[in-house]
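Undergrad:
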Amino acid sequence: MTSRDIERAWPYLTGLLVVCGWWIFLGAPFPSPDNDLLAASGTVASVLVGFLATAKAILLSIAGSDVYKHIKSIGISDSLFDYLAEAMYFGTALLTVSLIGFFIQDGFAFSALWVFVSSTALSLYIRVLNLIFSLLRKA
Amino acid sequence: MARMKMYAFRIEQAGPRSISEIAQNLADRDFADRVPPTGDRVLRLEQMLEGNGLLYLDFAQARSGHGPGRMPRERAMEEFDLAPDESFGEDTAMVVNPATGYAAIQYNHYGPRASAIEKYLSLTDFHLAAAGGGALDFGFTFGHVLRPGAYDRVGRLGLYKQVDFTIALPGARAADVEAGSSVGELLRAPLPQGTEILKITVQASAERNSSLARDGVMGMVDQLGRMTGNLKRAVVTGRDEETGAKETIDLLDEVVSSEAEITPGRGNRYARPERWQALARALQGWRERNELPEAGT
Numbered sequence: 003m004t005s006r007d008i009e010r011a012w013p014y015l016t017g018l019l020v021v022c023g024w025w026i027f028l029g030a031p032f033p034s035p036d037n038d039l040l041a042a043s044g045t046v047a048s049v050l051v052g053f054l055a056t057a058k059a060i061l062l063s064i065a066g067s068d069v070y071k072h073i074k075s076i077g078i079s080d081s082l083f084d085y086l087a088e089a090m091y092f093g094t095a096l097l098t099v100s101l102i103g104f105f106i107q108d109g110f111a112f113s114a115l116w117v118f119v120s121s122t123a124l125s126l127y128i129r130v131l132n133l134i135f136s137l138l139r140k141a
Numbered sequence: 041m042a043r044m045k046m047y048a049f050r051i052e053q054a055g056p057r058s059i060s061e062i063a064q065n066l067a068d069r070d071f072a073d074r075v076p077p078t079g080d081r082v083l084r085l086e087q088m089l090e091g092n093g094l095l096y097l098d099f100a101q102a103r104s105g106h107g108p109g110r111m112p113r114e115r116a117m118e119e120f121d122l123a124p125d126e127s128f129g130e131d132t133a134m135v136v137n138p139a140t141g142y143a144a145i146q147y148n149h150y151g152p153r154a155s156a157i158e159k160y161l162s163l164t165d166f167h168l169a170a171a172g173g174g175a176l177d178f179g180f181t182f183g184h185v186l187r188p189g190a191y192d193r194v195g196r197l198g199l200y201k202q203v204d205f206t207i208a209l210p211g212a213r214a215a216d217v218e219a220g221s222s223v224g225e226l227l228r229a230p231l232p233q234g235t236e237i238l239k240i241t242v243q244a245s246a247e248r249n250s251s252l253a254r255d256g257v258m259g260m261v262d263q264l265g266r267m268t269g270n271l272k273r274a275v276v277t278g279r280d281e282e283t284g285a286k287e288t289i290d291l292l293d294e295v296v297s298s299e300a301e302i303t304p305g306r307g308n309r310y311a312r313p314e315r316w317q318a319l320a321r322a323l324q325g326w327r328e329r330n331e332l333p334e335a336g337t
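In order, the protein sequence lines correspond to chains Y and S. Sequential numbering of the first sequence, starting at 3, is according to the working numbering. Sequential numbering of the second sequence, starting at 41, is according to the working numbering.
1) How about residue 220(S): is its C-beta nearer than 8 Å to some C-beta of chain Y?
2) What distance in whole Å lies between the Cβ atoms of residue 181(S) and residue 52(S), which are believed to be in contact at a cut-off of 8 Å?
3) Taking 8 Å as the CB-CB limit, is residue 329(S) close to chain Y?
4) Are residue 134(Y) and residue 57(Y) touching if we call contact CB-CB under 8 Å?
5) Name the chain Y residues that come within less than 8 Å of residue 223(S), Cβ to Cβ?
6) Got a sec, what are the start and stop residues for the alpha helix (DSSP H) residue 122(Y) sits in?
7) What span of residues does the beta strand (DSSP E) with residue 90(Y) cover, start to end?
8) Less than 8 Å between the C-beta atoms of residue 89(Y) and residue 54(Y), yes or no?
9) Which runs of the alpha helix (DSSP H) at least 4 residues long sit entirely within the region 34 to 72 of chain Y? Give them in chain order.
10) Would you call the region 147 to 160 of chain S and the region 79 to 96 of chain S in contact, with 3 or more CB pairs under 8 Å?
11) Mind checking which residues open and close the beta strand (DSSP E) that includes residue 90(S)?
12) Please classify residue 166(S): is it buried, with 16 or more other beta-carbons within 10 angstroms of its beta-carbon, or exposed?
13) Taking 8 Å as the cut-off, does the region 237 to 251 of chain S touch the region 41 to 52 of chain S (at least 3 CB pairs, one atom from each stretch)?
14) Count the other CB atoms, across all protein chains shown, that sit within 10 Å of the CB of residue 33(Y); report buried if there are 16 or more and exposed otherwise.
15) Threshold first: 4 residues or longer. Then list the alpha helix (DSSP H) segments lying entirely within the region 131 to 190 of chain S, N to C.
16) Of all Cβ atoms in chain S, is any one closer than 8 Å to the Cβ of residue 15(Y)?
17) Could you tell me whether the Cβ of residue 50(S) comes closer than 8 Å to any Cβ of chain Y?
18) Is residue 108(S) closer than 8 Å to residue 128(S) when the C-beta atoms are compared?
19) Between the alpha carbons of residue 16(Y) and residue 278(S), how many angstroms are there, rounded?
20) Measuring only between beta-carbons, confirm whether residue 228(S) sits less than 8 Å from chain Y.
21) Taking C-beta to C-beta, are residue 85(Y) and residue 130(Y) nearer than 8 Å?
22) Let me check understanding here. Comparing Cα to Cα, which of 319(S), 264(S) and 228(S) lies closest to residue 292(S)?
23) Pick out whichever of 91(S), 55(S) and 69(S) has its Cα sitting closest to the Cα of residue 320(S).
24) Quick one: what's got a C-beta closer than 7 Å to residue 323(S)'s C-beta in the same chain, skipping five residues either side?
25) Please report whether the beta-carbon of residue 136(Y) lies at a distance below 8 Å from any beta-carbon of chain S.
26) Could you tell me if residue 140(Y) is buried or exposed, where buried requires 16 or more neighbouring beta carbons within 10 angstroms of its beta carbon?
27) DSSP three-state label for residue 62(S), please.
28) Smallest Cα separation from residue 260(S): which of 169(S), 195(S) and 61(S)?
29) Alpha carbon to alpha carbon, how far is residue 22(Y) from residue 100(Y)?
30) Within the same chain, show all residues whose beta-carbon is closer than 7 Å to that of residue 161(S), passing over the 5 residues directly before and after it, in chain order.
31) Evaluate residue 294(S) with the Cβ neighbour count: other Cβ atoms within 10 Å of its Cβ, from every protein chain shown; 16 or more gives buried, anything less gives exposed.
32) Leaving out five residues on either side along the sequence, give the residues of the same chain with a beta carbon under 7 Å from the beta carbon of residue 103(S).
33) Considering only the alpha carbon of each residue, which of 81(Y), 29(Y) and 61(Y) lies closest to residue 114(Y)?
34) Just to check my reading of the structure: residue 13(Y) and residue 122(Y) have Cβ atoms closer than 8 Å, yes? What is that Cβ distance to the nearest angstrom?
35) Assuming contact is defined by CB atoms lying nearer than 8 Å, are residue 118(Y) and residue 18(Y) in contact in what I supplied?
36) Which residue's Cα is closest to the Cα of residue 256(S): 247(S), 249(S) and 243(S)?
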């Protein structure tokens, strides 16, 4: 397993581990009623997606820099944008799950889904944030 | 007549495939397929020949940026008509003695340098290793060859006062991407070659008779000598223990090299056969003058 494989997988593994930990060690707690939590997570998801869209614009603004040209020439710019897209999709998924939660009955399946999506979205966001800062330091 | 500079290199092979095998693999491909898919630049093997126990290679690199023009003596400069799939190219010839591992490489200021050729062959070797499955042993190292006298001169210094060296950090490479390095690791790596420079000075204490350890200095000299174009400066400063005379040895001045006179031919270029002959003569000359340490030393 290469460091790239670990980098690709760790946010999703983190989500799974968090769900397992939440279920096994904490007994799967979830607020009831959960409207405040869902509203807050929907707001957070919106902020994350908004920031990531701005980050994409920032990356495009440094497209003329030596460091960006180099990472493009060696083939990692696509991976960087893939990571950015994954973070945006999961942020959108968190927003969607939060909205759905307002309409469905509470249950273990939905709670587990929310925990997984929120922790994975946060991990994906942290991953791309670290990479963007590394890139901007050299731009 | 013009003068062509040539440098000696010692090639170390890290994987099971020799340069001859890599070159033959490349030569069997169409030209368009000789450029690595994720290479840093458009660099390819132009031609290979084997004979007289030597391997003759020529590598070409597309020239980027502002290109040359045609300059008639009595008219204004004109552009060349290049087809859409054409570019200006610069080539560098290389002759390898597979038996000894030594090579003579042409110095072409605008063409691929030894370090670029090293990366190109290593990347090709990597792809072959990956395609074949099994262990990922691959790559070549092109090391400068220092004149045997250089080692002797350094070894004779009684007191080693200082070792200075400057290395251009190679930065993240396409081969690192193919080998599975994470994006984070690659972004933390130095910028492209020549952009980040590492300068190191190892200095003995200020006392008159202080000295760096001899074994350490000779070890550094040996390692620095193995570096290719990444090594920008390497200077050993010492003092004769008896006379106290200070001596400074610039190792890059001690790199084994030669020059050959070549008559530019068609297109004002050095013809490939002439370049190969000059390189082969240089290799033989260095060997006859015992400027190439025995393999394994």
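By construction, the Cβ of each residue, glycine as well, lies at the ideal position given by its N, Cα and C atoms.
TA: Walking through what the data contain:
1) Mapped onto the second sequence, residue 220(S) falls at position 180. In terms of beta-carbon proximity, residue 220(S) lines the interface with chain Y, with at least one pair separated by less than 8 Å.
2) Position 12 of the second sequence, counted from the first residue, corresponds to residue 52(S). Position 141 of the second sequence, counted from the first residue, corresponds to residue 181(S). 4 Å between Cβ atoms; contact.
3) As a first step, residue 329(S) must be located in the second sequence, where it is residue number 289. No - not a single Cβ of chain Y is within 8 Å of the one on residue 329(S).
4) On the first sequence, residue 134(Y) is found 132 positions in, with the first residue counted as 1. On the first sequence, residue 57(Y) is found 55 positions in, with the first residue counted as 1. Against a cut-off of 8 Å, the Cβ pair of residue 57(Y) and residue 134(Y) comes out as a contact.
5) Within the second sequence, numbered from 1, the residue matching residue 223(S) stands at position 183. Going along chain Y in sequence order, the residues near residue 223(S) (Cβ under 8 Å) are 6, 9, 78, 81, 82, 85 and 133.
6) Taking the first sequence and counting its residues from 1, one reaches residue 122(Y) at position 120. Element bounds for residue 122(Y): 110 to 140.
7) Taking the first sequence and counting its residues from 1, the one referred to as residue 90(Y) is at position 88. Under the DSSP assignment, residue 90(Y) falls outside any beta strand (DSSP E), being part of the alpha helix (DSSP H) whose first and last residues are 79 to 103.
8) Taking the first residue of the first sequence as position 1, residue 89(Y) is located at position 87. Taking the first residue of the first sequence as position 1, residue 54(Y) is located at position 52. With respect to residue 54(Y), residue 89(Y) sits close: the two C-beta atoms are nearer than 8 Å.
9) Within the region 34 to 72 of chain Y, the complete alpha helix (DSSP H) segments of 4 residues or longer fall at 37 to 63, listed in chain order.
10) In the pairwise beta carbon analysis, the region 147 to 160 of chain S is classified as touching the region 79 to 96 of chain S: at least three pairs are separated by under 8 Å.
11) One-based indexing of the second sequence puts residue 90(S) at position 50. Taken as a continuous stretch (DSSP letters only), the beta strand (DSSP E) holding residue 90(S) covers 83 to 91.
12) If you number the second sequence from 1, residue 166(S) lands on position 126. It counts as buried.
13) With a cut-off of 8 Å, the region 237 to 251 of chain S and the region 41 to 52 of chain S do not count as touching, because too few Cβ pairs lie within range.
14) Counted from its first residue, the first sequence places residue 33(Y) at position 31. When all chains shown are included, residue 33(Y) counts as exposed.
15) Within the region 131 to 190 of chain S, the complete alpha helix (DSSP H) runs of at least 4 residues are 154 to 172.
16) Position 13 of the first sequence, counted from the first residue, corresponds to residue 15(Y). Not a single CB atom of chain S sits nearer than 8 Å to the CB of residue 15(Y).
17) Residue numbering aside, residue 50(S) sits at position 10 when the second sequence is read from its first letter. It does not; no Cβ of chain Y falls within 8 Å.
18) Reading the second sequence from its first residue, position 88 is the one you call residue 128(S). Reading the second sequence from its first residue, position 68 is the one you call residue 108(S). Remark: C-beta atoms of residue 128(S) and residue 108(S) approach each other more closely than 8 Å.
19) Translated into the one-based positions of the first sequence, residue 16(Y) becomes position 14. Translated into the one-based positions of the second sequence, residue 278(S) becomes position 238. A direct Cα-to-Cα measurement between residue 16(Y) and residue 278(S) gives close to 57 Å.
20) The sequence position of residue 228(S) within the second sequence is 188, counting from 1. Yes, its Cβ sits closer than 8 Å to a Cβ of chain Y.
21) Your numbering for residue 85(Y) matches position 83 in the first sequence. Your numbering for residue 130(Y) matches position 128 in the first sequence. Less than 8 Å separates the beta-carbon of residue 85(Y) from that of residue 130(Y).
22) Your numbering for residue 292(S) matches position 252 in the second sequence. It is 264(S) whose Cα lies nearest to the Cα of residue 292(S).
23) Indexing the second sequence from 1 puts residue 320(S) at position 280. Here the closest residue by C-alpha is 91(S).
24) For this step, residue 323(S) is matched to residue 283 along the second sequence. A distance below 7 Å between beta-carbons, with the five flanking residues on each side excluded, links residue 323(S) to the following residues of its chain, in chain order: 135, 137, 142 and 144.
25) If you number the first sequence from 1, residue 136(Y) lands on position 134. Any Cβ of chain S closer than 8 Å to the Cβ of residue 136(Y) would place that residue at the interface, and such an atom is present.
26) The residue given as residue 140(Y) occupies position 138 in the first sequence. Around the Cβ of residue 140(Y), a 10 Å sphere holds 16 or more other Cβ atoms; the residue is buried.
27) For the purposes of this step, residue 62(S) is identified with residue 22 of the second sequence, where counting begins at 1. In this structure, residue 62(S) counts as helix in the three-state DSSP scheme.
28) Position 220 of the second sequence, counted from the first residue, corresponds to residue 260(S). The shortest C-alpha separation from residue 260(S) is found at 195(S).
29) Locating residue 22(Y) in the first sequence gives position 20, where the first residue counts as 1. Locating residue 100(Y) in the first sequence gives position 98, where the first residue counts as 1. Rounded to the nearest angstrom, the gap between the Cα atoms of residue 22(Y) and residue 100(Y) is 20 Å.
30) Here residue 161(S) refers to the residue found at position 121 when the second sequence is read from its first residue. Here residue 161(S) has 59, 62 and 180 as same chain residues with Cβ atoms under 7 Å from its own Cβ, once five neighbours each way along the sequence are excluded.
31) Against the second sequence, residue 294(S) aligns to sequence position 254. Buried: at least 16 other Cβ atoms inside 10 Å.
32) Translated into positions along the second sequence, residue 103(S) becomes position 63. So the list reads 127, 128, 129, 130 and 150, once near-sequence residues are dropped.
33) Translated into the one-based positions of the first sequence, residue 114(Y) becomes position 112. Of all alpha-carbon atoms in 81(Y), 29(Y) and 61(Y), the one lying nearest the alpha-carbon of residue 114(Y) is that of 29(Y).
34) Within the first sequence, the letter at position 11 stands for residue 13(Y). Within the first sequence, the letter at position 120 stands for residue 122(Y). Rounded, the Cβ-Cβ distance is 6 Å, consistent with contact.
35) The count along the first sequence starts at 1 and reaches residue 118(Y) at position 116. The count along the first sequence starts at 1 and reaches residue 18(Y) at position 16. Taking 8 Å as the Cβ cut-off, residue 118(Y) and residue 18(Y) qualify as a contacting pair.
36) Along the second sequence, one-based indexing puts residue 256(S) at 216. Residue 243(S) is the option with its Cα nearest to residue 256(S).
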